[in-house]
Amino acid sequence: MKLNMILLAGAAMLVGTGAQAQTLSNSNANGYVTTTALPGTFSLTGGDTGSGAFGETLYTDTAMGPLSIIGTFNYQSFDLDGGAYDPAGYILGGTHYQLSNSGASTNGSFSFNVGAGQTYGFYVDTVDNAFGPGRISVVSNAFAAATGAVPEPATWAMMLAGFGMIGFAARKRSSVKTAVSYA
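In our numbering, the protein residues as written are 517 to 699.
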């Protein structure tokens, strides 16, 4: 039951992670995202403007609390030059982590942890912005990271005072003598 509550609270990657909205952005690219009815399932297609210059397509969000992101991906390059010209992967705090390889297709799994307020998401870069885009399809889940509660100093003081009072009462009670006489 507790696991179900965590799964429901975590919802899915880039869906239900707080009040923040997912952002699609292109830098010298014309990429797009295709979402589905299933939370955390989407395809991100990179740019292919024909400019011959570097471009980038990002699909990002900001975590409202600590998250553990776990999922699978399928990468496919439609670039005639091959997958090396359209790398794809995930972003964590502005750092790119490449999941694709130089081949035309790659699939696998990923997992990473996101801190509260940290930006995360997925990217498809295009080195040549020509001859076809790359696409990464993602199925992922975001789980609320388990954090242990640490009591405040005032809580510790109240707890110790309470234990002291219990100990004092127990000691006071044991000091009462009962006289038993046998006839």
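Even for Gly, the Cβ is constructed at its ideal location relative to N, Cα and C.
For residue i, collect the residues of the same chain with a Cβ closer than 8 Å to its Cβ; drop the 5 residues on either side in sequence, then sort them by chain order.
i: Ile607; result: Leu574, Thr576, Tyr613, Thr635, Tyr636, Gly637, Phe638 and Tyr639
i: Leu615; result: Phe589, Tyr591, Ala604, Gly605, Tyr606, Thr622, Gly624, Phe626 and Ile652
i: Gly568; result: Asp644, Asn645 and Ala646
Counting C-beta neighbours from all protein chains within 10 Å, is the total for residue i 16 or more, i.e. buried, or is it exposed?
i: Ile682; result: exposed
i: Gly609; result: exposed
i: Arg687; result: exposed
i: Gly571; result: buried
i: Ser593; result: buried
i: Gly547; result: buried
If you drop the 5 nearest sequence neighbours on each side, which residues of the same chain put their C-beta closer than 6 Å to that of residue i?
i: Ile586; result: Ser627 and Asn657
i: Phe679; result: none
i: Val655; result: Thr557, Gly587 and Thr588
Considering residue i, what are the terminal residues of the beta strand (DSSP E) in which it resides?
i: Thr565; result: Looking at the DSSP string, Thr565 is not in any beta strand (DSSP E), and its letter there is neither H nor E.
i: Gly654; result: Here residue 654 is Val; the residue named in the question, Gly, does not match the sequence. Its beta strand (DSSP E) spans residues Gly650 to Ala660.
i: Ala604; result: Ala604 to Leu608
i: Asp577; result: Gly571 to Thr578
i: Phe638; result: Thr635 to Thr642
i: Phe558; result: Thr557 to Thr561
Throw me the rounded Cβ distance for the residue i and residue j pair, which I believe falls under 8 Å.
i: Pro649; j: Gly566; result: With a Cβ gap of about 11 Å, Pro649 and Gly566 do not count as contacting.
i: Thr642; j: Ala545; result: 6 Å
For residue i, which residues in the same chain have their Cβ closer than 7 Å to its Cβ, ignoring the five residues on either side in sequence?
i: Ser618; result: Gly598, Gly599 and Ala600
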